[in-house]
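These notes concern the structure reproduced below.
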Amino acid sequence: MVIVRKRVAGLSEIALARFVTRAGRAARLRGAVNVLLTSNSELRALNSRFRGKDRPTDVLSFPPLFGVGNAFAGDVAISAEMAAHNARLLGHSPAEEIKILALHGMLHLAGYDHERDHGEMAHTEERLRKALHLPVGLIDRTPPLSSSHKFSIARAAGKGRVTQVR
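To get the numbering used here, take the position in the sequence shown, counting from 1, and add 77.
Listed below in C-alpha cells is the structure:
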C-alpha cells in the first residue's frame, strides 16, 4: 500500500505503487511493503522516536514485528520534501528520487545493511537500480560527497545549515 500525505510532481500514487511492486520483486521481498510519502516534520518525528536522532532524514525502513509471517515485509517512510530538494541538487526528477529512496528502504527490509555488509548492499542496489532504470543509487552517491561538498549543496539551495543528502 502507498500512502501519499505529501505529493511530488510527476509521480502518481498508482505509479509509485507499481514501482514498489516491481522493486519488491527485484529485491526478493516476501510480502507486502507499505510506503509512506510524507513531510520532513513527520520523518523528523519518526527519526527521533525510533532512532533517537532529532532531525529529518530522507528515508526510514521499519521491518515487521516478529511473528507477523511472510505476508508483510515492512514499512518505508520517505520525506517528499527532502527528496524534491535532493533531486534538484543532483539533477534528476523528484519522482526518480522517490524511487531511489524506496528501493534503498526496501533493500533494508530485505536484510541488507550498508554500514556492516562490506559492500553487498551497494552492489545489489547498483544492480537493481540499473534494472529498474534509476539514474543513481543512494549508496553510490554517498562516498564522493565530502563535508565541504555537502555544505556547498546546502548553500546552493539557499539554506543556512547542511541538509542531509545521505
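Just so you know, even glycine gets a beta-carbon here, dropped at the ideal spot from N, CA and C. Treat the numbers as computed from the prediction; the structure is a model and nothing was measured.
In this structure, does DSSP put residue i in helix, strand or coil?
i           : result
residue 96  : helix
residue 209 : coil
residue 108 : coil
residue 151 : strand
residue 226 : The predicted position of residue 226 is uncertain, since its pLDDT is 39 and thus under 50; no value can be drawn from it.
residue 134 : coil
residue 241 : Note that residue 241 has pLDDT 34, beneath the 50 cutoff, so the model's placement of it is unreliable and the number below is only indicative. Residue 241: coil per DSSP, three-state reduction.
Could you check which residue in the options has the C-alpha nearest to that of residue i?
i           : options       : result
residue 157 : 115, 207, 94  : 115
residue 133 : 104, 119, 112 : 119
Is residue i near residue j, with beta carbons less than 8 Å apart?
i           : j           : result
residue 209 : residue 99  : yes
residue 143 : residue 108 : no
residue 205 : residue 138 : no
Which whole-angstrom value describes the C-beta separation of residue i and residue j, a residue pair presumed to lie in contact below a C-beta threshold of 8 Å?
i           : j           : result
residue 198 : residue 211 : Not really, about 15 Å apart at Cβ, beyond 8 Å.
residue 181 : residue 112 : Going by Cβ atoms, the distance from residue 181 to residue 112 rounds to 12 Å, so no, they are not a contact pair.
residue 96  : residue 179 : 7 Å
residue 177 : residue 214 : 7 Å
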